[in-house]
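In full-length UniProt numbering, the protein residues as written are 1 to 203. In this text, a Cβ means the ideal position worked out from N, Cα and C, and glycines have one as well. Encoded as structure tokens, the structure appears first; notes follow it.
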């Protein structure tokens, strides 16, 4: 089993204390694209871990931000994107992760959650300086988002069992790049302590 499923950090482990947000990347998805066949097994494996991570974040009042591709549908808002995914062929992969009334939603058009989106401004308004990134795809959107967070001096944690990949070897390399080049913490999702984050915010 490669590092895409193990939680070894390239630097000293840190709790999620501080102003943390959970970012859910591209999980509102119809999976009607050319890489879906390779991606779906990894999504199914990671799904229950993501569901638990999401539940724990909400339990402790940690902001949950969905950042999702608009799939080229420029007239769509987040409600339409969600309805399309829930009406699609893989609704069972979307329904357990759908946003609740407390969730925030940012629409993106490219790989990074930051590229031409208001996310950086939103994080500043929330006072967030640490992101937990989950979702898909490890070697694409998760990687580029971690890089963009790093250059903005935002700390990153990636739960390696709560991200999905197309190619495991590339995912392993991406996680290594995040550790070495972006000072990201890569751990198993169960190691993430949202209670510490809540304490860090003084709530």
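Secondary structure of residue i, DSSP reduced to three states
i           : result
residue 99  : coil
residue 140 : helix
residue 43  : helix
residue 121 : helix
residue 11  : Low per-residue confidence applies at residue 11: pLDDT is 40, beneath 50, and the placement is therefore not dependable enough to give any value.
residue 51  : helix
residue 25  : strand
residue 146 : helix
Residue i, buried or exposed, once every other Cβ within 10 Å from all chains shown has been counted against 16
i           : result
residue 125 : exposed
residue 21  : buried
residue 26  : buried
residue 287 : The structure shown has nothing for residue 287, since the chain only spans 1 to 203.
residue 57  : buried
residue 135 : buried
residue 112 : buried
residue 55  : exposed
Same chain, Cβ closer than 6 Å to residue i, five either side skipped, listed in chain order
i           : result
residue 174 : 138, 139, 143
residue 48  : none
residue 100 : none
residue 38  : 166
residue 65  : 21, 23, 104
Candidates the options, of which the one nearest residue i by Cα
i           : options            : result
residue 130 : 88, 49, 63         : 63
residue 148 : 161, 119, 99       : 119
residue 84  : 132, 54, 32        : 32
residue 193 : 159, 167, 169, 172 : 159
residue 44  : 55, 68, 24, 93     : 93
residue 106 : 89, 123, 67        : 67
residue 185 : 82, 169, 164, 154  : 154
residue 180 : 190, 146, 79       : 146
Alpha-carbon spacing of residue i relative to residue j, whole angstroms
i           : j           : result
residue 97  : residue 50  : 8 Å
residue 91  : residue 104 : 21 Å
residue 59  : residue 19  : 15 Å
residue 108 : residue 117 : 6 Å
residue 81  : residue 28  : 7 Å
residue 53  : residue 162 : 8 Å
residue 88  : residue 141 : 22 Å
residue 168 : residue 178 : 15 Å
residue 122 : residue 172 : 30 Å
Sequence-distant residues of the same chain with beta carbon closer than 7 Å to residue i, five excluded per side
i           : result
residue 150 : 156, 182, 183
residue 40  : 31
residue 170 : 139
residue 188 : 7, 159, 160, 161
Cβ-based neighbour list, residue i, same chain, cut-off 8 Å, excluding 5 preceding and 5 following
i           : result
residue 70  : 76, 81, 107, 108, 109
residue 164 : 39, 42, 43, 45, 46, 135, 136, 137, 138
residue 236 : Look at the range of the chain in this structure, 1 to 203, and you will see that residue 236 is not part of it.
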